[in-house]
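Numbering (the numbering used here), first residue to last: 109 to 187.
Note that the Cβ used here is the ideal one computed from N, Cα and C, for glycine as well.
Since the structure comes first, as structure tokens, the remarks are kept for the end.
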């Protein structure tokens, strides 16, 4: 049924987690291949706060979204 997947929290939660891994991958890539002059300290702080809040939310929301939680927790570590 088209409507059921379109309104499914699991579909959108999974899609959000996949998109979130792009932030984590970008942080890891920048840390490995670019110097500190490219990395913004203020943006790093914003990403740490953002990912900390969203990892907590993904863990406590029902249904629990462990994939999104892991993505944001990894982003905090990558920052």
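Burial check for residue 185: the Cβ neighbour count within 10 Å stays below 16, so the residue is exposed. Note that the C-beta distance between residue 146 and residue 138 is below 9 Å. DSSP, reduced to helix, strand and coil, places residue 164 within a helical segment of the structure shown.
When rounded, the separation of the alpha-carbon atoms in residue 122 and residue 133 is 17 Å.
The Cβ neighbour count for residue 172, taken over all protein chains shown within 10 Å, is under 16; the residue is labelled exposed.
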